[in-house]
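Numbering (our numbering), first residue to last: 4 to 605. First the structure, in the form of structure tokens, and then the observations on it.
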């Protein structure tokens, strides 16, 4: 063992031998003493670990398209489903060590496919003796450590969500999902995981979950009076310091919120919808964020915290199991405290690996049950109805939705409201939807109406209706008169996606795409007569839009003439079943068209 300089001096003092002996000893020991004094300092202990992340799985277990009844396929070669992702996760654990890998999700788990609908409505997990939700089975098998609540977790009501939560062997986190009465967390806000380091202190990783404030609007019927949803920044400022106070060496957030600071609901709520970047910027003490909600791929993105100047690392792995985010952390033990010295993120594509055979074994029976259900015939159709042109043309398949909505609302109106003119608004959710001539199955209808919306009837004046349609018309890019119209670049202006764009039935109108936004709606008539500003309409509309989804004017505050808990998709299935034959001649005629300076485009 080397002798320290202090002890060496004491040693020389005590060794009072002859001067010659001391000189000899000093000469002989000089190189060794110099080597000891210049020996490099002992290096600090280092360690590494990873956090793997998924988001917006939307109950995609297998690489399967229930709407088309075949293996999933798209133009980019993507695969879907956690069964493939599970194989990637096994590879990561094998390469890095089981004890060095955490697995986290950023929400929207139990809604989005026919599989999800089946176990929420057809054979609900809340029923006596019902099976576990397939996503709970899959995610338990994959050994998730935590998942954030997504807004779609609330679509089927709190009872279904709580049942799913009870079936998971990992916590559903929601630091900004609060009990409406007590304002205390309605779900676990965070969890702390330990990474074991032999011969050194454990690395403590605090995982904080945040969900989307938009739940208060989008699922108002399910959460009003029960839960409230403050902003992500506000709650992160409360809980990140708490995690640091608990001794967490790494603070990792899983946010069901995008990273561009935008909101689809305008000023309907005082909190930002896509706030992950703002959390990173405004809340000190965060190392990394798994981002969700917006269905985009962001392999790695860095935001500098405005208070500390530290970089916060963000990654979003697309949706449906398209990608897996991988956060890699390197740490150093400095004076008994672990410090992050390096962090990187990337996304991996599971389309090159096979599905996990164990998940297939666990859930194949559930999958086959749903396949059988979606292939159930409910009627016939007189001709092929395609949604391919539904975003720029009045097509019969959209009239089908409108007709069902109007018939349902009409049957439930009071006598006084039934005397008012009735119209419908609806969005083209899927351009690939198609109801074939001949036999019509549940999957054909489910592929057209892919969301679990319920139905409202709300009252708008003629002036408000025109504002509503002008707002919808910002979906189109301006194309000057005389300029060729290219449908591949015509739509989705202003980041206004297809599900946000409403057409109206029961009135006739033109959308002049040559005009500037706000002055595009022309020739708005009802029953052949121009609509007046004070005329009052009952508007059949889904609950998402009725409660403020996508920020349409007037509709959220409008008087309610009708509401129901029945899903529109099921109403459409019931319509076909009762009619036996689906015939476009029976549908309401929308009579809207695109024009350029008054000249029809198509």
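Beta carbons are placed, not taken as given, at the ideal position from N, Cα and C, and that holds for glycine.
### Query
Under 8 Å between the Cβ atoms of residue 254 and residue 209?
Within the chain shown, the letter at position 251 stands for residue 254. Within the chain shown, the letter at position 206 stands for residue 209. Their beta carbons are under 8 Å apart, which means residue 254 touches residue 209 by this criterion.
### Query
Does residue 70 come within less than 8 Å of chain D when only Cβ atoms are used?
Although the question refers to chain D, the structure presented lacks it and comprises just one protein chain.
### Message
I need the straight-line Cα distance from residue 360 to residue 426, nearest angstrom please.
### Response
Along the chain shown, read from residue 1 onward, the residue named residue 360 stands at position 357. Along the chain shown, read from residue 1 onward, the residue named residue 426 stands at position 423. Roughly 50 Å between the two C-alpha positions.
### Reference residue 494, options 132, 477 and 51, closest by Cα
Walking along the chain shown from the start, residue 494 turns up at place 491. Among 132, 477 and 51, the Cα nearest to that of residue 494 belongs to 477.
### Message
Please return the same chain residues whose Cβ sits closer than 6 Å to the Cβ of residue 322, not counting the five positions on each side in sequence.
### Response
As a working mapping, residue 322 is identified with position 319 in the chain shown. Answer for residue 322: 59 and 298, listed in chain order.
### Task
Starting from residue 169, trace the alpha helix (DSSP H) both ways and give me its first and last residue.
Within the chain shown, residue 169 is the residue found at index 166, counting from 1. That run of the alpha helix (DSSP H) goes 161-170.
### Query
Where does residue 62 land, buried or exposed, given buried means 16+ other C-beta within 10 angstroms?
Residue 62 sits at position 59 when you count from the first residue of the chain shown. So residue 62 ends up on the buried side.
### Query
Residues bridged to residue 466 by DSSP?
Residue numbering aside, residue 466 sits at position 463 when the chain shown is read from its first letter. Beta-bridge pairing links residue 466 to no other residue.
### Query
Any idea what DSSP makes of residue 191, helix, strand or coil?
Here residue 191 refers to the residue found at position 188 of the chain shown. If DSSP states are grouped into helix, strand and coil, residue 191 belongs with the strands.
### As assigned by DSSP and simplified to three states, the class of residue 214
The count along the chain shown starts at 1 and reaches residue 214 at position 211. Here residue 214 sits in coil by DSSP.
### Query
Taking the DSSP output, what are the residues bridged to residue 318?
Taking the first residue of the chain shown as 1, we reach residue 318 at position 315. DSSP lists 293 as partners of residue 318.
### Query
Which term fits residue 235, buried or exposed, when burial requires 16 or more other beta carbons within 10 angstroms of its beta carbon?
Your numbering for residue 235 matches position 232 in the chain shown. Looking at its Cβ environment, which holds 16 or more other Cβ atoms inside 10 Å, residue 235 is buried.
### Query
Do residue 220 and residue 271 have their C-beta atoms closer together than 8 Å?
Within the chain shown, numbered from 1, the residue matching residue 220 stands at position 217. Within the chain shown, numbered from 1, the residue matching residue 271 stands at position 268. Yes, the Cβ-Cβ distance between residue 220 and residue 271 is below 8 Å.
### Query
What whole-angstrom Cβ distance do residue 207 and residue 195 have, given they're in contact under 8 Å?
Residue numbering aside, residue 207 sits at position 204 when the chain shown is read from its first letter. Residue numbering aside, residue 195 sits at position 192 when the chain shown is read from its first letter. So it is a contact: roughly 6 Å between Cβ atoms.
### Message
My assumption, with CB atoms under 8 Å, is that residue 113 sits in contact with residue 162. Please give the rounded CB distance.
### Response
Here residue 113 corresponds to residue number 110 of the chain shown, with the count starting at 1. Here residue 162 corresponds to residue number 159 of the chain shown, with the count starting at 1. Not a contact, Cβ separation roughly 12 Å.
### Query
For residue 448, does the count of other Cβ atoms within 10 angstroms reach 16, so buried, or fall short, so exposed?
Within the chain shown, numbered from 1, the residue matching residue 448 stands at position 445. Burial is judged here by how many other beta carbons sit within 10 angstroms of a residue's own beta carbon; residue 448 has at least 16 and is buried.
### Message
What does the Cβ neighbour count give for residue 128, buried or exposed, with the cut at 16 atoms within 10 Å?
### Response
Translated into the one-based positions of the chain shown, residue 128 becomes position 125. With 16 or more other Cβ atoms within 10 Å, it is buried.
### Message
For residue 412 and residue 458, which I take to be in contact (beta-carbon distance under 8 Å), what is that distance rounded to the nearest angstrom?
### Response
On the chain shown, residue 412 is found 409 positions in, with the first residue counted as 1. On the chain shown, residue 458 is found 455 positions in, with the first residue counted as 1. The Cβ separation is near 7 Å, so the contact holds.
### Task
Give the secondary structure of residue 549 by DSSP, where H, G and I count as helix, E and B as strand, and everything else as coil.
Working through the chain shown from its first residue, we reach residue 549 at position 546. In the three-state reduction of the DSSP assignment, residue 549 falls in the helix class.
### Meets three-Cβ-pair contact criterion under 8 Å: the stretch 159-176 and the stretch 271-290
no
### Task
Could you tell me which residues DSSP puts in a beta bridge with residue 209?
Along the chain shown, one-based indexing puts residue 209 at 206. Residue 209 is bridged to 195 and 254.
### Query
What's the C-alpha gap between residue 186 and residue 238?
If you number the chain shown from 1, residue 186 lands on position 183. If you number the chain shown from 1, residue 238 lands on position 235. So the two alpha carbons sit approximately 12 Å from each other.
### Message
Between the alpha carbons of residue 567 and residue 545, how many angstroms are there, rounded?
### Response
As a first step, residue 567 is located in the chain shown; it is residue number 564 there, counting from the start. As a first step, residue 545 is located in the chain shown; it is residue number 542 there, counting from the start. Taking C-alpha positions only, residue 567 is separated from residue 545 by approximately 10 Å.
### Message
Assuming residue 518 is part of the beta strand (DSSP E), what are its boundary residues?
### Response
The residue you call residue 518 lines up with position 515 of the chain shown. From DSSP, residue 518 is part of no beta strand (DSSP E); its letter is neither H nor E.
### Message
Starting from residue 381, trace the beta strand (DSSP E) in both directions and tell me its first and last residue.
### Response
Residue numbering aside, residue 381 sits at position 378 when the chain shown is read from its first letter. Looking at the DSSP string, the run of the beta strand (DSSP E) that includes residue 381 is 380-384.
#### Entry: For residue 610, the residue or residues it bridges with in DSSP
Residue 610 lies beyond the stretch modelled for the chain, which goes from 4 to 605, so this question has no answer here.
### Message
For the pair the stretch 372-388 and the stretch 547-564, tell me if three or more CB-CB distances fall below 8 Å.
### Response
Cβ pair count under 8 Å is below three, so no.
### Query
residue 590 by DSSP, collapsed to three states: which one?
The sequence position of residue 590 within the chain shown is 587, counting from 1. Of the three classes helix, strand and coil, the one that applies to residue 590 here is coil, per DSSP.
### Message
Counting C-beta neighbours from all protein chains within 10 Å, is the total for residue 319 16 or more, i.e. buried, or is it exposed?
### Response
The count along the chain shown starts at 1 and reaches residue 319 at position 316. Buried is the call here.
### Query
Skipping 5 residues on each side, what residues in its chain have a beta carbon closer than 7 Å to that of residue 28?
Reading the chain shown from its first residue, position 25 is the one you call residue 28. With a pLDDT of only 38 at residue 28, under the threshold of 50, the placement of this residue in the model should not be trusted; the figure read from the coordinates follows. The answer is none, since no qualifying residue turns up.
### Query
Are the beta-carbon atoms of residue 507 and residue 428 separated by less than 8 Å?
Translated into the one-based positions of the chain shown, residue 507 becomes position 504. Translated into the one-based positions of the chain shown, residue 428 becomes position 425. Yes, they are a contact pair.
### Query
Would you call residue 369 buried or exposed, if buried means 16 or more other Cβ atoms sit within 10 Å of its Cβ?
The count along the chain shown starts at 1 and reaches residue 369 at position 366. Burial call: buried.
### Message
Using CA atoms only, rank isn't needed, just tell me which of 201, 423 and 85 is closest to residue 327.
### Response
Position 324 of the chain shown, counting from 1, holds the residue named residue 327. Among 201, 423 and 85, the Cα nearest to that of residue 327 is on 85.
### Query
So is residue 87 buried or exposed if we call it buried at 16+ other beta carbons inside 10 Å?
Indexing the chain shown from 1 puts residue 87 at position 84. Residue 87 should be labelled buried.
### Query
What separation, rounded to the nearest whole angstrom, lies between the Cα atoms of residue 603 and residue 588?
Here residue 603 refers to the residue found at position 600 of the chain shown. Here residue 588 refers to the residue found at position 585 of the chain shown. Residue 603 and residue 588: Cα-Cα distance of roughly 23 Å.
### Residue(s) in a DSSP beta bridge with residue 563
As a working mapping, residue 563 is identified with position 560 in the chain shown. The partner list for residue 563 (beta bridge, DSSP) reads 461.
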